[in-house]
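Letter by letter, the first sequence follows residues 62 to 556 in my numbering.
Cβ atoms here follow ideal geometry from the backbone N, Cα and C, with glycine treated the same way.
Computed from a predicted structure; not experimentally measured.
Beneath this line is the structure, given in structure tokens, with notes to follow.
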Amino acid sequence: MLRDELKKEISRVAGADIEIKLVEPERSENGDYSTNLAFLLAKKKGKSPNDIAEEVAHKLRSAKSDLIDRADSVGGFVNVWVKDEALIKKLSKKLKFDKQNKKINVEFVSANPTGPLTMANGRGGFYGDALANVLMKVGYDVTREYYINDAGNQIRLLGESIEAAEGKMEEKKEHYKGDYIKKFIGKDIEDVVKILREEIEKSLEKAGIKFDIWFSEKELREKKEPEEVLKFLEGKKLVEKKEGAIWLGDAVLVKSDAEFTYFLVDLAYHFNKFFDRKFDLAIDVWGADHHGYVERMKKGIEALGIDDKCLKIIMIQLVRLIRGGKEVRMSKRAGEFVTMDDLLEQVGVDVARWFFLERSPNTHMDFDLDLARERSEKNPVYYVQYAHTRMASILSKSGYLDTECPSTFGHASERELALKILRLPELLEDISKDYQVHRLTTYAYELAQTFSAFYRDVKVVGSAREAELLYLVSKTKETLADVLKLLGISQPEKM
RNA sequence: GUCCCCGUAGUUCAACGGACAGAAUGCGAGCUUGCGGAGCUCGCGAUCGAGGUUCGAUUCCUCGCGGGGACGCCA
62 MLRDELKKEI SRVAGADIEI KLVEPERSEN GDYSTNLAFL LAKKKGKSPN
112 DIAEEVAHKL RSAKSDLIDR ADSVGGFVNV WVKDEALIKK LSKKLKFDKQ
162 NKKINVEFVS ANPTGPLTMA NGRGGFYGDA LANVLMKVGY DVTREYYIND
212 AGNQIRLLGE SIEAAEGKME EKKEHYKGDY IKKFIGKDIE DVVKILREEI
262 EKSLEKAGIK FDIWFSEKEL REKKEPEEVL KFLEGKKLVE KKEGAIWLGD
312 AVLVKSDAEF TYFLVDLAYH FNKFFDRKFD LAIDVWGADH HGYVERMKKG
362 IEALGIDDKC LKIIMIQLVR LIRGGKEVRM SKRAGEFVTM DDLLEQVGVD
412 VARWFFLERS PNTHMDFDLD LARERSEKNP VYYVQYAHTR MASILSKSGY
462 LDTECPSTFG HASERELALK ILRLPELLED ISKDYQVHRL TTYAYELAQT
512 FSAFYRDVKV VGSAREAELL YLVSKTKETL ADVLKLLGIS QPEKM
């Protein structure tokens with residue numbers, strides 16, 4: 062990776078014994094990469110950041126390097142420019158990461174099969190899907206998993222809701238009341254769960270959200286895994302009985318009516334992830350309404366003897382539904398929601414995915430279906446896809462079958478494009494650590510923009526350097542397609 | 001009452017503690033002989049308030065204000 066090599070070189074030349082951070086400057090006049098090491102060293106060396114930066118820049122300028130073309134210092138920052146030849150050389154290498162020896166389980170959506178999938182489930186769904194894509198791309202062994210709560214209290218309530226609709230029992234306020242309940246009248250609860258599960262699977266498929274494993278809570282219970290975990294904890298003398306219930310710390314594992322809590326079953330589920338299936342890291346994508354549960358879960362995991370660093374819980378903020386300018390409480394129980402299918406039908410998969418994926422997971426989000434529909438035509442995803450079709454069009458228009466890696470850049474826009482392409486692996490590596498998947502959409506947009514500038518400045522077809530320019534175009538197309546694939550968005554050749 | 005998240009152009013969103021806070025949309029002004037104008041160029045426009053830490057704060061800390069969410073045997 063370009064960034065890593067630069068880091069090594071700068072740290073060698075500067076003789077700095079600290080971890081160097083290299084960033085892309087906001088303004089291109091501040092170099093291809095920039096570092097703040099002078100600020101960090103200032104105190105230690107008792108000199109001003111300015112002096113240190115100038116010193117480092119000077120050393121970089123006078124050192125022989127295959128990588129660094131020039132360096133300067135501005136206000137304490139050290140800015141470097143990469144040699145064109147180095148960029149070109151890097152460009153010819155394929156984007157590939159080494160295999161990481163780490164098994165990661167990404168669990169997301171996991172909505173109860175008590176009703177259709179809502180578009181709020183979609184936020185976590187798209188996020189988890191794209192995150193898993195990125196982790197896989199950077200070389201991890203990734204399993205995407207949906208935990209199906211097909212047993213326990215919610216299912217019992219669903220059964221009661223149907224009975225209430227049949228008039229066999231009185232309706233309670235915790236019952237599900239959506240219209241969809243009516244079509245289950247007269248059906249066996251087992252079949253209903255099966256039908257709902259199949260519907261959810263179908264919606265997910267339409268949304269392009271993929272899973273490797275559907276993990277059934279019911280089977281977990283049938284295999285008596287919660288009992289085993291309970292025994293395990295009892296053996297470690299971590300549980301106590303009081304008020305007729307069994308407790309782990311201040312959380313109940315077994316209720317006074319002898320039923321297991323969700324917490325115990327969840328612990329068993331994670332026990333299974335770590336011990337039976339030997340995952341090194343479990344990433345759980347949860348809705349923000351579960352945040353109170355994070356601490357308890359972390360403590361529970363530790364009680365099981367698992368380092369809490371092995372469980373990463375990502376909170377996705379809730380989506381508020383707006384209708385007619387007012388907030389509507391989205392709830393399956395109240396029967397008030399926009400389904401995933403509705404959403405996809407109204408705006409299409411690509412728009413829906415971009416719409417959710419461009420946002421950071423911890424920001425709140427209002428969703429107005431009417432507005433979304435209206436805005437979908439202006440969705441940036443079209444800009445990005447349009448750039449892709451332009452690339453396709455140039456490639457097909459040109460008669461050249463063979464492209465040729467450029468020997469030099471003819472225009473600054475060519476260089477910008479090359480540099481942008483080379484930043485993708487760095488971004489992917491960053492995302493695999495900070496899980497900020499939305500940065501991918503920003504990158505895709507920027508790449509499309511950079512290409513548009515290139516398109517404006519450089520005529521490809523018919524140029525004397527056509528083969529070389531085509532190389533750049535096809536490389537860009539490949540890169541953009543890679544990003545769109547990671548986002549689960551189509552890469553049209555024509556629009 | 002306690003805890004968690006959020007507050008940035010009119011609107012929707014960005015910004016590892018870093019440089020002059022970026023885009024999109026909207027509004028205004030331009031781009032004819034060029035590979036797709038779903039494009040390109042220019043302009044207008046924002047960090048909720050008060051302290052603090054720091055060479056440097058949208059970012060971290062404290063206190064307010066506003067919005068959302070969660071608060072032992074629901075999941």
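Counting only residues of its own chain and dropping the five nearest sequence neighbours on each side, PHE515 has a CB closer than 6 Å to the CB of SER474, LEU478. The alpha-carbon of SER123 is positioned some 54 Å away from that of LEU379. According to the DSSP assignment, LYS387 belongs to no alpha helix (DSSP H) but to the beta strand (DSSP E) extending over 387-389.
Listed in chain order, the beta strand (DSSP E) runs fully inside the segment 421-470 are 426-429, counting runs of at least 3 residues. The alpha-carbon separation between TRP347 and TYR207 amounts to approximately 12 Å. Between ILE482 and LYS538 the beta-carbon gap is near 10 Å, outside 8 Å, which marks them as no contact. Ranked by Cα distance from LYS387, the options GLU80, ASP429, ALA225, LEU67 are led by ASP429.
No Cβ-Cβ contact shorter than 8 Å links GLY189 with VAL203. Your pair LEU328 and GLY361 checks out as a contact, with CB atoms roughly 5 Å apart and the cut at 8 Å. When Cβ pairs closer than 8 Å are counted between the two stretches, the segment 401-420 is seen not to touch the segment 462-472, the count staying below three. Using a 10 angstroms sphere on the CB of LYS393, the tally of other CB atoms reaches 16 or more, which defines it as buried. By the 16-neighbour rule on beta-carbons within 10 angstroms, HIS331 is buried. Nearest in C-alpha terms to GLU80, of all of GLU235, GLU70, GLU87, is GLU70. For VAL74 and LYS120, the gap between their C-alpha atoms comes out near 7 Å. Between GLU487 and MET180, the C-beta gap is not smaller than 8 Å, which leaves the two residues out of contact.
According to DSSP, residue pairing for ILE344 in a beta bridge involves VAL167, LYS373. DSSP places ASP133 in the strand class (E or B) of the three-state scheme. Annotated as proximal: LEU128 and LEU67, with beta-carbon spacing under 8 Å. Per DSSP, ASN173 lies in no beta strand (DSSP E) and is assigned neither H nor E. The alpha helix (DSSP H) runs of length 4 or more contained entirely in the segment 270-322 are, from start to end of the chain, 278-283, 286-296. Collapsing the DSSP output to three states places GLU87 in coil.
DSSP places VAL498 in the coil class of the three-state scheme, outside both helix and strand. Residue burial is scored here from C-beta neighbours: VAL84 has fewer than 16 other C-beta atoms within 10 angstroms and is therefore classed as exposed.
For the segment 184-262, the continuous alpha helix (DSSP H) assignments of 4+ residues that do not extend past its boundaries occur at 214-227, in sequence order. In this structure, ASN210 lies away from LYS334, with their beta-carbon atoms at least 8 Å apart. Distance from the Cα of VAL290 is smallest, within the candidate group GLY239, ILE550, LEU508, PHE321, for PHE321. Annotated three-state conformation of VAL380 is strand, per DSSP. With respect to the 8 Å criterion, ALA448 and SER524 are not classified as neighbours on the basis of their beta carbons.
Straight across, the Cα-Cα distance linking VAL442 with LYS267 is about 18 Å. LEU485 is positioned such that its CB atom lies closer than 8 Å to that of VAL544. Look at the beta carbons and you see the segment 134-146 touching the segment 84-95: at least three pairs across the two are nearer than 8 Å. With contact defined as three or more Cβ pairs closer than 8 Å, the segment 271-282 and the segment 212-220 are in contact. Per DSSP, VAL139 is one residue of the beta strand (DSSP E) stretching across 138-143. For TYR532, the enclosing alpha helix (DSSP H) begins and ends at 527-548. Taken through DSSP and simplified to helix, strand or coil, GLU397 comes out as strand. SER392 sits in a strand when the DSSP states are folded into three classes.
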